[in-house]
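A quick write-up on the structure given underneath.
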Amino acid sequence: MPFARVTLLKGKSDEYIAAVSDGIHQALVDEYEVPLTDKFQAFHELEPGRLIFDRHYFGGPRSYDFIVIAITAGRPRETATRQAFYKRLVELLGQKPGVRKEDVMVVISTSERDEWSFSNGEAQMVAAA
Amino acid sequence: MPFARVTLLKGKSDEYIAAVSDGIHQALVDEYEVPLTDKFQAFHELEPGRLIFDRHYFGGPRSYDFIVIAITAGRPRETATRQAFYKRLVELLGQKPGVRKEDVMVVISTSERDEWSFSNGEAQMVAAA
Amino acid sequence: MPFARVTLLKGKSDEYIAAVSDGIHQALVDEYEVPLTDKFQAFHELEPGRLIFDRHYFGGPRSYDFIVIAITAGRPRETATRQAFYKRLVELLGQKPGVRKEDVMVVISTSERDEWSFSNGEAQMVAAA
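Protein chains in written order, with the working numbering: chain A, -16 to 112; chain B, -16 to 112; chain C, -16 to 112.
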C-alpha cells in the first residue's frame, strides 16, 4: 500500500541505494503495519543544486547525504505508530548503509482505499474491504 | 486538474512514452470526468535498481515494464468512477503501447480546489466555483 | 514544513534553477506563513517529451519554460492566503529568473502534523504542538 518516493543527491552506489530501500521497507513492516511483500519504491537521484535543504531547520545538521522519503500510505495510522516508524527508520538506516539520523526527512500523505489500484485495473483495497 | 506523475524504468522509446501519455489521459477523459484539454503529466525514467516493486503483491506478476501512475486530482470521485477509470486505463494501455495490465499501478491523491493554480498566479478552480 | 517538488524541462542553468528556488521560497515566506529556514525543495529536470502539458487549459499560453511546483504543506491555509501566495509567486519568478506567469502551475497537498519527521527520527510538529 505504501508507495515511497525517495530523493537524494547523485553519487551513491547500487549497494547504498539497495540498503536504503531495505531499511525503509523493514521499518514500514516493523512499525507501520505494512505487509512484507507490499514494497513499492522509486529513487530519484538529483544533480548538485537540485536538492535544496536547510542545514538546521527542526534538526540536523544535515549533510550532502540528506534523504527525503515521501510516502503515500493507504490509511491513517495513530500518532504513536508514526513516531515509532520514524524512530525505527533512522535506527535501521543508521545501521546500514550508515545514514546519519540527522539526514533523514520523512513526509507521509494518506490516500483513500479506493484511490489505489495495484494491478489489473482493479481497486484491490476496496474489493478486499 | 489532474496532474499525473508517471514512473517507469529507463529504456522506452519516445513513441512508447507518448502512447502511455495518451492512454492515461484518454482514460481520465473517458471515465474520470476530466476535460480533454486538462492534460498535465510528468514522466520519470529511472535507472535499474531505482524502481523497486514486489512482483506479486495484490496482483501481478509484474515485469520490468512496471509503471506507477501517481495522480493528484482536484476533487474526490465516487468509488465506482475510480473503478471504471482503472479498468479503462489498463484496457487502453494494453491496446497501445501494449502494457500488460499486471504492470499498471495507480495511486490517486486529492487536493482541495483552492490548492490549484494552473497559470497566471490565480486559483482558477475557486474563481470558477 | 513545505516540501516543494519542482518539475521542468532540462536545459536551464544552475543560476536559473537557483533563482526559481529562491523565488518559490520567498513567496512561501512572504505569503504562506513559512519560516525563513524551512526550505526543502527537489528539482526534476526532464527530457523533451517527458513533461506534457496543454498550452491553454485554464490559462497560458504555456511555453517550454513551463514549471510545475508541487508543494506538500504541513497544515491547511485559508483560500485568501493561498491566492496571495500564487500571486506573489508569479511576481517573484517573473522578476528573477524571468519566468512568464503563464508558465507557472502550482498544486498543493496538505499532510497532517504527525506525518512529518524533519530529522532525527522525531515527529517535530507534534512535539512542538
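Each residue gets a CB set at the ideal place from its N, CA and C atoms; glycine is no exception.
Excluding the 5 residues preceding and the 5 following Y69/C in the sequence, name in chain order all residues of the same chain whose CB lies nearer than 7 Å to its CB. Within the third sequence, the letter at position 86 stands for residue 69/C. So the qualifying residues of the chain are V89.
Option in E16/C, A(-13)/C, R33/C with minimal Cα separation from V3/B: In the second sequence, the residue the question calls residue 3/B occupies position 20. Shortest Cα-Cα distance from V3/B to any of E16/C, A(-13)/C, R33/C involves R33/C.
Is the separation between the beta-carbon of S102/B and that of R45/C shorter than 8 Å? Taking the second sequence and counting its residues from 1, the one referred to as residue 102/B is at position 119. Taking the third sequence and counting its residues from 1, the one referred to as residue 45/C is at position 62. Closer than 8 Å, so yes.
Identify each residue in the segment 19 to 36 of chain B for which the Cβ-Cβ distance to at least one residue of chain C is less than 8 Å, and report them in chain order. Within the segment 19 to 36 of chain B, the residues whose Cβ lies closer than 8 Å to some Cβ of chain C are T20, D21, K22, F23, Q24, A25, F26, H27, E28, listed in chain order.
Taking 8 Å as the threshold (C-beta atoms), are R65/B and A10/B in contact? Sequence index remark: in the second sequence, residue 10/B carries index 27 (1-based). Sequence index remark: in the second sequence, residue 65/B carries index 82 (1-based). Their beta carbons are not under 8 Å apart, which means A10/B does not touch R65/B by this criterion.
C-alpha distance - G43/B paired with A53/B, whole-angstrom precision: In the second sequence, counting from the first residue as 1, residue 43/B sits at position 60. In the second sequence, counting from the first residue as 1, residue 53/B sits at position 70. Answer to the nearest angstrom: the Cα atoms are 18 Å apart.
Contact under 8 Å by Cβ, K(-5)/B with E30/B: Here residue -5/B refers to the residue found at position 12 of the second sequence. Here residue 30/B refers to the residue found at position 47 of the second sequence. No, Cβ-Cβ distance for K(-5)/B and E30/B is not below 8 Å.
Could you name the residues of the segment -8 to 18 of chain B whose beta carbon sits closer than 8 Å to any beta carbon of chain A, in the order they occur along the chain? Within the segment -8 to 18 of chain B, no residue qualifies.
Using a cut-off of 7 Å between C-beta atoms, extract the partners of V109/B located in chain C. In the second sequence, counting from the first residue as 1, residue 109/B sits at position 126. Taking a Cβ-Cβ threshold of 7 Å, the residues of chain C close to V109/B are T62, in chain order.
Close beta carbons around P(-15)/B, own chain, < 8 Å, minus the five adjacent residues each side: For the purposes of this step, residue -15/B is taken as the residue at position 2 of the second sequence. Counting only Cβ-Cβ distances below 8 Å, and skipping sequence neighbours, we find L11, Y15, V17, D21, F23, I54, T55, A56, G57.
Do you know offhand how far A179/A's Cα is from F41/C's? A question about residue 179/A goes unanswered here, because the residues of chain A that appear run from -16 up to 112.
For T(-10)/A, decide whether its Cβ has a neighbour in chain B, counting only Cβ atoms nearer than 8 Å. Here residue -10/A refers to the residue found at position 7 when the first sequence is read from its first residue. So, not an interface residue.
Note down the Cα distance separating I35/A from V(-11)/A, rounded to an integer number of angstroms. The residue labelled residue 35/A in the question sits at position 52 within the first sequence. The residue labelled residue -11/A in the question sits at position 6 within the first sequence. Going from the Cα of I35/A to the Cα of V(-11)/A covers about 14 Å.
Between F49/B, H39/B, A25/B, T93/B, which has its C-alpha nearest G81/B's C-alpha? Within the second sequence, numbered from 1, the residue matching residue 81/B stands at position 98. The shortest C-alpha separation from G81/B is found at F49/B.
Where the segment 78 to 108 of chain A meets chain C: residues whose CB sits under 9 Å from a CB there: So the list reads K84, E85, D86, V87, M88, V89, V90, I91, S92, T93, given in the order they occur along the chain.
Keeping to the same chain, check which residues put their C-beta closer than 7 Å to that of V109/B; ignore five residues upstream and five downstream. Position 126 of the second sequence, counted from the first residue, corresponds to residue 109/B. For V109/B, where only same-chain residues beyond five positions count, the Cβ hits under 7 Å are R96, D97.
Determine the DSSP secondary structure at L(-9)/A, reduced to helix, strand or coil. Along the first sequence, one-based indexing puts residue -9/A at 8. DSSP places L(-9)/A in strand when its eight states are reduced to three.
With 8 Å set as the bound, which would you pick, yes or no: does the beta-carbon of F(-14)/A sit closer than that to a beta-carbon of chain B? Taking the first sequence and counting its residues from 1, one reaches residue -14/A at position 3. Chain B contact via Cβ: present.
With respect to the beta strand (DSSP E) encompassing V89/A, which residues constitute its N-terminal and C-terminal limits? Here residue 89/A refers to the residue found at position 106 when the first sequence is read from its first residue. Where V89/A is concerned, the enclosing beta strand (DSSP E) stretches over 87 to 93.
Look at the alpha carbon of E(-2)/A and the alpha carbon of F26/A, and state the distance between them as a whole number of angstroms. One-based indexing of the first sequence puts residue -2/A at position 15. One-based indexing of the first sequence puts residue 26/A at position 43. Near 13 Å, if we compare the C-alpha coordinates of F26/A and E(-2)/A.
Could you spell out the range, first to last residue, of the beta strand (DSSP E) harbouring H27/B? Translated into positions along the second sequence, residue 27/B becomes position 44. From DSSP, the beta strand (DSSP E) with H27/B extends over 23 to 29.
Do L75/A and V87/A have their C-beta atoms closer together than 8 Å? Mapped onto the first sequence, residue 75/A falls at position 92. Mapped onto the first sequence, residue 87/A falls at position 104. Contact flag unset, no.
Nearest to I7/B by alpha carbon, out of R38/B, K79/B, S92/B, P59/B? Taking the first residue of the second sequence as position 1, residue 7/B is located at position 24. Relative to the Cα of I7/B, the nearest Cα in the group R38/B, K79/B, S92/B, P59/B belongs to K79/B.
Measuring alpha carbon to alpha carbon, tell me which of I91/B, E28/B, A106/B ends up nearest T62/B. Position 79 of the second sequence, counted from the first residue, corresponds to residue 62/B. The option with the nearest alpha carbon to T62/B is I91/B.
Should A112/C be labelled buried (16 or more other beta-carbon atoms within 10 Å of its own) or exposed? Taking the third sequence and counting its residues from 1, one reaches residue 112/C at position 129. Confidence at A112/C is low in this model, with a pLDDT of 49, below 50, so the placement of that residue should be treated as unreliable; the coordinate-derived value is given next. Residue environment analysis places A112/C among the exposed positions, since fewer than 16 neighbouring C-beta atoms fall within 10 angstroms of its C-beta.
Can you say whether R60/C is buried or exposed, counting buried as having 16 or more other CB atoms within 10 angstroms of its CB? Within the third sequence, numbered from 1, the residue matching residue 60/C stands at position 77. Flag for R60/C reads buried.
Distance, K84/C Cα to A106/B Cα: Taking the first residue of the second sequence as position 1, residue 106/B is located at position 123. Taking the first residue of the third sequence as position 1, residue 84/C is located at position 101. Each residue's alpha carbon lies about 13 Å from the other.
At the 8 Å Cβ level, is G57/B part of the contact set with chain A, yes or no? Position 74 of the second sequence, counted from the first residue, corresponds to residue 57/B. No - not a single Cβ of chain A is within 8 Å of the one on G57/B.
Alpha carbon to alpha carbon, how far is L19/B from H39/C? Give it in angstroms, no decimals. For this step, residue 39/C is matched to residue 56 along the third sequence. For this step, residue 19/B is matched to residue 36 along the second sequence. Cα to Cα, H39/C sits roughly 11 Å from L19/B.
Which partner residues does I52/B have in the DSSP bridge list? As a position in the second sequence, residue 52/B is number 69, starting the count at 1. Beta-bridge partners assigned by DSSP to I52/B: V(-11)/B, V89/B.
CB-CB under 8 Å to T93/A, same chain, minus the five flanking residues each way: which ones, in chain order? Reading the first sequence from its first residue, position 110 is the one you call residue 93/A. For T93/A, where only same-chain residues beyond five positions count, the Cβ hits under 8 Å are T55, A56, G57, R58, P59.
Does L75/A have its Cβ less than 8 Å from a Cβ in chain C? Residue mapping note: residue 75/A aligns to position 92 of the first sequence, counting from 1. Put simply, the CB of L75/A is far from chain C, with every gap to its CB atoms at 8 Å or more.
Indicate the three-state DSSP secondary structure (helix, strand or coil) for S4/C in the structure shown. Residue 4/C sits at position 21 when you count from the first residue of the third sequence. In the structure shown, S4/C sits in a helix (DSSP, three-state: H, G or I).
Any beta-carbon of chain C closer than 8 Å to the one on Y69/A? By one-based count along the first sequence, residue 69/A stands at place 86. Closer than 8 Å: yes.
Once DSSP output is grouped into helix, strand and coil, what is the label at E98/A? Here residue 98/A refers to the residue found at position 115 of the first sequence. Helix, per DSSP.
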